[in-house]
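With my numbering applied, the sequence shown covers 2 to 135.
A quick write-up on the structure given underneath.
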Amino acid sequence: MGTVTVELRNVAGTEAALGWAGNHTVIIDRPEGKAGGMGFGFNGAQMLALALGGCFCNDLRYVAQELGVSIRSLAVSVTVSLEGAPLLTTSASMSVACELTDGTDPRLLIEKAKESCMVSNSLRKGIPVLIEAA
2 MGTVTVELRN VAGTEAALGW AGNHTVIIDR PEGKAGGMGF GFNGAQMLAL
52 ALGGCFCNDL RYVAQELGVS IRSLAVSVTV SLEGAPLLTT SASMSVACEL
102 TDGTDPRLLI EKAKESCMVS NSLRKGIPVL IEAA
């Protein structure tokens, strides 16, 4: 996969945005009462945490398939810390509870997923971001 493009547009009658990629959609908004937000969707920090955790969940499944193991249960919790003005994410932490169907220790699976997780690897290395008027 070379590039991925998502689109966002305002939601008529609100100050929220609808984002989509293919057939998948998400609503982006601010908390109710903040800068016109109505609490309809996720804010930026939540989206960042979801991207981090969601990518890791997917990589756990990819690695499990490569290793020939099956995941019985999976619970991932992601916390991002925010500071400053403008607000920046200063750190992120993830807790992963994973149980394999064969009862083996999931640590190898988790470690291998850490190596391949695109979002966490990109955040660790930093990426250039270009923002310009259309």
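Ideal Cβ placement from N, Cα and C applies to all residues, glycine included.
May I ask which residues mark the beginning and end of the alpha helix (DSSP H) holding residue i?
i: ASN59; result: 45 to 68
i: ASN122; result: 119 to 126
Identify, in the order they occur along the chain, each residue of the same chain with its Cβ nearer than 7 angstroms to the Cβ of residue i, setting aside the five sequence neighbours on each side.
i: ALA11; result: Going by the sequence as given, residue 11 is Asn instead of Ala. Cβ within range, chain order: ALA18.
i: ALA76; result: ALA98
Tell me the DSSP bridge mates of residue i?
i: ARG10; result: LEU19
i: ALA76; result: ALA98
i: ALA114; result: Looking at the DSSP assignment, ALA114 forms no beta bridge with any residue, so it has no partner.
i: ALA132; result: At residue 132 the sequence reads Ile, which differs from the Ala that was named. Paired residue(s): none; ILE132 is not in a bridge.
i: SER92; result: SER82
For residue i, does the three-state DSSP call read helix, strand or coil?
i: ALA98; result: strand
In chain order, what residues of the same chain have a beta carbon less than 8 angstroms from the beta carbon of residue i, not counting five sequence neighbours either side?
i: PHE41; result: VAL12, THR15, ALA17, ILE28, ASP30
i: ASP103; result: VAL70, SER71
i: THR105; result: VAL70
Which same chain residues end up closer than 6 angstroms to residue i when comparing Cβ atoms and leaving out the 5 residues on each side of it in sequence?
i: SER82; result: THR91, SER92
i: SER96; result: SER78
i: TRP21; result: GLU8
i: LYS113; result: VAL64
Please report the straight-line C-alpha distance between residue i and residue j, rounded to a whole angstrom.
i: VAL120; j: LEU110; result: 17 angstroms
i: GLU8; j: PRO107; result: 37 angstroms
i: LEU49; j: THR80; result: 10 angstroms
i: SER74; j: SER123; result: 27 angstroms
i: LEU131; j: LEU51; result: 22 angstroms
i: GLU133; j: LEU68; result: 43 angstroms
Got a sec, what are the start and stop residues for the beta strand (DSSP E) residue i sits in?
i: VAL27; result: 25 to 29
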